[in-house]
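> Take a look at this one; I'll ask things after.
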Amino acid sequence: MSTLGVTFAPGLFEFIKGTAPPTIAYFKTLPTACHRRWAVYLLVLEKQGCRPKIYVGSGTEARSGVSIRLDNYDKDVLVAAHVVKAFEDGYKITHKGLLCWADIPTAAMALNSKTEYGFGLVYFCPWDRALLEYDGLCSHNPLQELPPGDHNLTAEQLEAQAVAKAKQLNENVRKSREKAKAKAADPVGCVAKINQQARARRAKNPEIQKAADKCCRAKAKENKTHHCTPCNKSYTRKPDLTRHLGTNIHLDKVARWPLLVVDDEE
């Protein structure tokens, strides 16, 4: 822990060593600065006339750290199940603060820093739960989880792997920007190029493409993606539906559609 330079929120140790648990008022004073930090964070959720709720999680994204995890709650992305349920019940996040944090470590330090099982804190709760003025939203203690990654690699191998991943990510970003520029400069030509590449892939892997097309058609029919309501008929492709909409059978059915609806209701 000392190697990573972990910093704890002011006043946290006093609560841990004391007999009274931390309060919602204290949680709302937790620091919020999260740029390029790994951290254990705490969310305060409140609803008028109800007991507050808290959620404790961690943010260890390799490039941006905890900030990208906290942003997910504003975007409603990858939100924990019990937090989602609280949102549905009318709770709102009133504070997002950090319990402890450290600068983003190197790749080798990152994996090793998370491998000690729970740091002895898996079942840690020094207070009587009856004294808590809030409810929890965590489904489990994340300290029990084994972090992702190859634990058999050496420090040098981990660092090399991180460099390769960063290089690949930068290359993907570069290509994405080039495609966006090309599309803006020549949208018609860009679409034509994409269609040409798609035809080349289909020609190179006909059996794989046939299987994919069959799956897409089945899903389209099951989900009624290309569905004619008056005729109550689903098609596997949009062109098939378009042709159907121009047929005399469909046009005749549409002309009688209000009468058919009334008949069905009767």
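Per our numbering, numbering through the sequence shown is continuous, rising by one, with the last residue being 476. Glycine included, C-beta positions come from ideal geometry on N, C-alpha and C. For clarity, every value in this text was computed on a predicted model and none was experimentally measured.
#1: Taking only the alpha-carbon atoms, compute the straight-line gap between Phe-225 and Pro-232 and give it to the nearest angstrom.
#2: Go to Thr-316, then tell me how far its alpha helix (DSSP H) extends in each direction, as first and last residue.
#3: When we look at the beta-carbon of Cys-335 and count the other beta-carbons within 10 Å, is it buried (16 or more) or exposed?
#4: Give me whichever residues DSSP pairs with Glu-256 in a beta bridge.
#5: Within a Cβ cutoff of 8 angstroms, which residues of the same chain sit near Ser-349, ignoring the five residues on either side of it in sequence?
#6: Using the beta-carbon count (16 or more within 10 Å), is Phe-223 buried or exposed?
#7: Along the chain, which unbroken stretches of the alpha helix (DSSP H) at least 4 residues long are found entirely within the stretch 264-290?
#8: Relative to the C-alpha of Ile-303, which candidate in Ile-234, Ala-465, Asp-313 has its C-alpha closest?
#9: Run through the stretch 387-449 for me and flag every whole beta strand (DSSP E) of 3 or more residues, listed as ranges in chain order.
#10: Taking Glu-256 as the reference, give the member of Ala-392, Thr-364, Leu-280, His-305 with the closest Cα.
#11: Buried or exposed: which applies to Gly-328, given that a residue is buried once 16 or more other Cβ atoms fall within 10 Å of its Cβ?
#12: Mind reading off the beta-carbon distance from Thr-446 to Ala-421? Whole number of angstroms is fine, and I expect it under 8 angstroms.
#13: List the whole-angstrom C-beta distance separating Cys-310 from Ala-243, where the pair is believed to meet the contact cut-off of C-beta under 8 angstroms.
#14: Determine the DSSP secondary structure at Val-293, reduced to helix, strand or coil.
#15: Quick check: the Cα distance between Lys-443 and Asp-396, rounded to an integer number of angstroms?
#16: Can you tell me which of the three DSSP states Val-250 falls into?
#17: Kindly list the residues whose CB is nearer than 8 angstroms to the CB of His-245, restricted to its own chain and excluding five residues on each side of it in sequence; keep chain order.
#18: If I'm right that Ala-230 touches Leu-341 with Cβ under 8 angstroms, what's the distance once you round it to whole angstroms?
#19: To the nearest angstrom, how far is the alpha carbon of Lys-375 from that of Ala-394?
#20: Give me the residue from Cys-441, Val-266, His-436 with the minimum Cα distance to Leu-308.
#21: Roughly how many angstroms lie between the CA atoms of Thr-435 and Glu-271, to the nearest whole one?
#22: Is it buried or exposed for Arg-261, if we count other Cβ within 10 angstroms and need 16 for buried?
A quick look at the data gives this:
#1: Counted from its first residue, the sequence shown places residue 225 at position 15. Counted from its first residue, the sequence shown places residue 232 at position 22. C-alpha separation (whole angstroms): 6 angstroms.
#2: Along the sequence shown, read from residue 1 onward, the residue named residue 316 stands at position 106. First-last for Thr-316: undefined, no H or E at that position.
#3: As a working note, residue 335 is residue 125 in the sequence shown. The residue in question, Cys-335, is exposed, as its Cβ has fewer than 16 Cβ neighbours within 10 Å.
#4: Taking the sequence shown and counting its residues from 1, one reaches residue 256 at position 46. DSSP, once it has assigned bridges, lists Lys-302 as partnering Glu-256.
#5: In the sequence shown, counting from the first residue as 1, residue 349 sits at position 139. So the qualifying residues of the chain are Ala-290, Ala-291, His-292.
#6: The count along the sequence shown starts at 1 and reaches residue 223 at position 13. Exposed.
#7: 276-285
#8: Indexing the sequence shown from 1 puts residue 303 at position 93. Among Ile-234, Ala-465, Asp-313, the Cα nearest to that of Ile-303 belongs to Ile-234.
#9: 436-438, 443-445
#10: Here the question's residue 256 lines up with position 46 in the sequence shown. Closest option to Glu-256, Cα to Cα, is His-305.
#11: Within the sequence shown, residue 328 is the residue found at index 118, counting from 1. Here Gly-328 scores only 48 on pLDDT, less than 50, and its place in the model is too uncertain to base an answer on.
#12: Stepping through the sequence shown from its first residue, residue 446 is reached at position 236. Stepping through the sequence shown from its first residue, residue 421 is reached at position 211. About 14 angstroms; that fails the 8 angstroms criterion.
#13: Along the sequence shown, read from residue 1 onward, the residue named residue 310 stands at position 100. Along the sequence shown, read from residue 1 onward, the residue named residue 243 stands at position 33. Cys-310 to Ala-243, Cβ: 13 angstroms. No contact.
#14: For the purposes of this step, residue 293 is identified with residue 83 of the sequence shown, where counting begins at 1. Val-293: helix per DSSP, three-state reduction.
#15: Position 233 of the sequence shown, counted from the start, is the residue given in the question as residue 443. Position 186 of the sequence shown, counted from the start, is the residue given in the question as residue 396. Approximately 39 angstroms, taken between the alpha carbons.
#16: What you label residue 250 is simply residue 40 of the sequence shown in a count that begins at 1. The answer is strand: DSSP assigns Val-250 an E or B state.
#17: Translated into the one-based positions of the sequence shown, residue 245 becomes position 35. Excluding sequence neighbours, His-245 sits near Gly-275, Ser-277.
#18: For the purposes of this step, residue 230 is taken as residue 20 along the sequence shown, with counting starting at 1. For the purposes of this step, residue 341 is taken as residue 131 along the sequence shown, with counting starting at 1. With a Cβ gap of about 7 angstroms, Ala-230 and Leu-341 count as contacting.
#19: Within the sequence shown, numbered from 1, the residue matching residue 375 stands at position 165. Within the sequence shown, numbered from 1, the residue matching residue 394 stands at position 184. Lys-375 and Ala-394: Cα-Cα distance of roughly 29 angstroms.
#20: Along the sequence shown, read from residue 1 onward, the residue named residue 308 stands at position 98. When only C-alpha atoms are compared, the closest one is Val-266.
#21: The residue labelled residue 435 in the question sits at position 225 within the sequence shown. The residue labelled residue 271 in the question sits at position 61 within the sequence shown. Rounded to the nearest angstrom, the two C-alpha atoms are 38 angstroms apart.
#22: The count along the sequence shown starts at 1 and reaches residue 261 at position 51. Per the 10 Å Cβ criterion, exposed.
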